[in-house]
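First up is the structure itself, then whatever we jot down about it.
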Amino acid sequence: MRSEHLENLHVGWVLGGWAIAIAVTSAAYLALVGSGLLPRGPWEVLGLAAAIAVGFSVGGLFVGLRWTEAPILHGGAITLISVVVWFAGSVTLPQRFTSDTPAVLGLILVQLGASVWGGWLGRRLTLAGRAPL
């Protein structure tokens, strides 16, 4: 892809996409909890993964629709913000951020895939002339 250069990476769109991704993830998770569709126990991480996939796809889609250059870099940068926030939280509040490391790494991969897919889809819709207003 010719547009995947660091000079095409816009920090404002990354922060905006991350904020939207967190908001939609929170709403999707609350909807799962409120409707009773989120199972308790070890299967709870699947509901969380579904909420993260929806939220970060919407965040990436927002960035891809608004800023069509470098959708993969923007998706990776959106995920990088989550990694930085998780690292800062685990350093400053280790008792609150101690969790299952494989699950956290898996959820980070879900974030990466969803945000990159959303950015790519937004770019494709914009270039095809089918972007919603």
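Going by this note's numbering, the first residue of the sequence shown is number 37, and it counts up by one from there.
Glycine included, every Cβ here is placed at the ideal spot set by N, Cα and C.
Quick caveat, the model's predicted, so the values are computed rather than measured.
Could you have a look at Trp103 and say whether DSSP puts it in helix, strand or coil? Here residue 103 refers to the residue found at position 67 when the sequence shown is read from its first residue. Note: Trp103 maps to coil in three-state DSSP.
Contacts around Ile108, its chain only, beta-carbon distance under 8 Å, and the 5 residues preceding and following it disregarded: Within the sequence shown, numbered from 1, the residue matching residue 108 stands at position 72. Counting only Cβ-Cβ distances below 8 Å, and skipping sequence neighbours, we find Met37, Glu40, Val152, Gly155, Trp156.
Can you grab the Cα-Cα spacing for the pair Leu51 / Ile58, in whole Å? Taking the first residue of the sequence shown as 1, we reach residue 51 at position 15. Taking the first residue of the sequence shown as 1, we reach residue 58 at position 22. Straight-line Cα distance between these residues: approximately 11 Å.
Buried or exposed by the 16-neighbour rule on C-beta atoms within 10 Å, applied to Ser62: To locate residue 62, count along the sequence shown from 1; it is residue 26. Classification of Ser62: exposed, given that the 10 Å Cβ count is below 16.
I need the DSSP call for Leu161, collapsed to helix, strand or coil. Residue 161 sits at position 125 when you count from the first residue of the sequence shown. Leu161 falls in the helix class under three-state DSSP.
Mind checking which residues open and close the alpha helix (DSSP H) that includes Leu66? Position 30 of the sequence shown, counted from the start, is the residue given in the question as residue 66. Run containing Leu66: 47-71, per the alpha helix (DSSP H) assignment.
Smallest Cα separation from Ala150: which of Val99, Thr162, Thr137? Translated into the one-based positions of the sequence shown, residue 150 becomes position 114. Among Val99, Thr162, Thr137, the Cα nearest to that of Ala150 is on Val99.
Using CA coordinates, which residue listed in Arg102, Ala85, Leu66 is at the minimum distance from Asn44? As a first step, residue 44 is located in the sequence shown; it is residue number 8 there, counting from the start. Residue Arg102 is the option with its Cα nearest to Asn44.
So, are the CB atoms of Val60 and Val90 less than 8 Å apart? Locating residue 60 in the sequence shown gives position 24, counting from the first residue. Locating residue 90 in the sequence shown gives position 54, counting from the first residue. Yes, the pair counts as a contact, with Cβ atoms nearer than the cut-off.
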